[in-house]
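**Student:** If you count by this note's numbering, then the sequence shown holds residues 2 to 119, one letter each, in order.
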Amino acid sequence: MRETNRQSFYKMKEVCVKLGIEAHVIRFWEKEFPQLHFRKNSSGHRIFTDRDLDLLGKIQDLLHNRGMTIEGARSMLKKGKDPSRQQANLNMKLLKVKSLAREAREYTEELIKSLDSE
Numbered sequence: 002m003r004e005t006n007r008q009s010f011y012k013m014k015e016v017c018v019k020l021g022i023e024a025h026v027i028r029f030w031e032k033e034f035p036q037l038h039f040r041k042n043s044s045g046h047r048i049f050t051d052r053d054l055d056l057l058g059k060i061q062d063l064l065h066n067r068g069m070t071i072e073g074a075r076s077m078l079k080k081g082k083d084p085s086r087q088q089a090n091l092n093m094k095l096l097k098v099k100s101l102a103r104e105a106r107e108y109t110e111e112l113i114k115s116l117d118s119e
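#1: Since F34 is in the beta strand (DSSP E), which residue starts that stretch and which ends it?
#2: Which one of P35, R28, E111 has the shortest CA to CA distance from M120?
#3: Quick one: what does DSSP say R40 is sitting in, helix, strand or coil?
#4: Can a CB atom of chain B be found closer than 8 Å to the CB of Q36?
#5: Use the C-beta contact count for D53: other C-beta atoms within 10 angstroms, 16 or more gives buried, fewer gives exposed.
#6: Considering only DSSP beta bridges, list what Y11 is partnered with.
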């Protein structure tokens with residue numbers, strides 16, 4: 002029977018291939034994001050866990066896909082907020098604002114018409 006609780010470890014090259022980013026980017030992010038704490042093996046090479054890959058993937062998404070700044074991504078991760086949920090909330094608020102603006106425009110147009118007809 003195979004043990005399922007065994008943690009997987011990855012080398013830098015494997016992580017780069019999985020995420021499609023260069024090693025220097027990961028080393029840079031390691032300096033910029035305090036959440037990244039990579040272990041090193043006896044040779045001094047970084048080794049990565051599944052948790053590390055998840056976190057790197059989130060950082061990649063925030064920076065490359067969502068266009069956030071490093072400071073913004075750092076803040077988002079620090080707060081532990083889900084960017085997709087936050088985006089959904091912003092979209093809902095935007096729809097409400099658009100609806101209110103449309104109503105205000107319609108009311109203003111009606112008011113102008115009634116003043117013109119007098």
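Where is the CB? At the ideal position from N, CA and C, for every residue including glycine. In this text the structure is predicted, and so the values were computed from the model without any measurement.
**Tutor:** In short:
#1: Here residue 34 corresponds to residue number 33 of the sequence shown, with the count starting at 1. Segment: none, F34 is in no beta strand (DSSP E) and carries neither H nor E.
#2: The displayed coordinates of the chain run from 2 to 119. Any statement about residue 120 would go beyond what the structure contains.
#3: In the sequence shown, the residue the question calls residue 40 occupies position 39. Three-state DSSP puts R40 in a strand.
#4: You won't find chain B in this structure, because it holds only one protein chain.
#5: Within the sequence shown, the letter at position 52 stands for residue 53. Flag for D53 reads buried.
#6: Here residue 11 refers to the residue found at position 10 of the sequence shown. Paired residue(s): F49.
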